[in-house]
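Q: Below is a structure I'd like to ask you about.
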Amino acid sequence: MASQHNEHQQYRTDVTNFIVGAGTTTQLTVRDQDSVIDLSAADETINLPPVSQAKGMIFTLVADGTVSYTATIAATDGPRNWSNITLNSTGEYVALYSTGDMWIELKVGYS
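Once you know that position 108 of the sequence shown is 97 in the working numbering, the rest is easy, because the numbers rise by one and skip nothing.
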């Protein structure tokens, strides 16, 4: 699993994937559909799973913690009409749906 665990996860039993910003890149899998990104320590790049493997799935990503850094949501397999998404404030989020060849933003809460 792509997540990094720490003491915060014990309070978030409803979250599948808890990512601690460590200045690295985290590769999501199709099992990481709900992710909270703690951005109180460092920037983080989150790579979505291949769009073809995630067909029909919804992925939700939320910035959490005392946000001092930025999460960049990227798709590395070149889906149609993709632009990286930036989350940089507490509570900013995005819900993405995979059609199999592109990601569609279903709901956004970022600027």
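Ideal Cβ positions, reconstructed from N, Cα and C, are used throughout, including at glycine.
Fully enclosed by the region -2 to 48, which beta strand (DSSP E) runs are 3 residues long or longer?
A: List check, beta strand (DSSP E) in window: 6 to 9, 14 to 16, 23 to 27, 33 to 36.
Q: Run the CB neighbour count on Asp90, radius 10 Å, all protein chains shown included, and call it buried at 16 or more, exposed below.
A: Exposed, by the Cβ-count rule.
Q: To the nearest angstrom, report how far apart Ala30 and Gly80 are at their CA atoms.
A: 16 Å
Q: Taking the C-alpha atoms as reference points, what is the distance between Thr75 and Pro38?
A: One Cα belongs to Thr75, the other to Pro38, and the distance between them is close to 17 Å.
Q: One question on the structure: do Gly45 and Ser87 come within less than 9 Å of each other, judged by their Cβ atoms?
A: yes
Q: Let me know the secondary structure DSSP gives Val83 once reduced to three states.
A: strand
Q: Does DSSP classify Gly98 as helix, strand or coil?
A: strand
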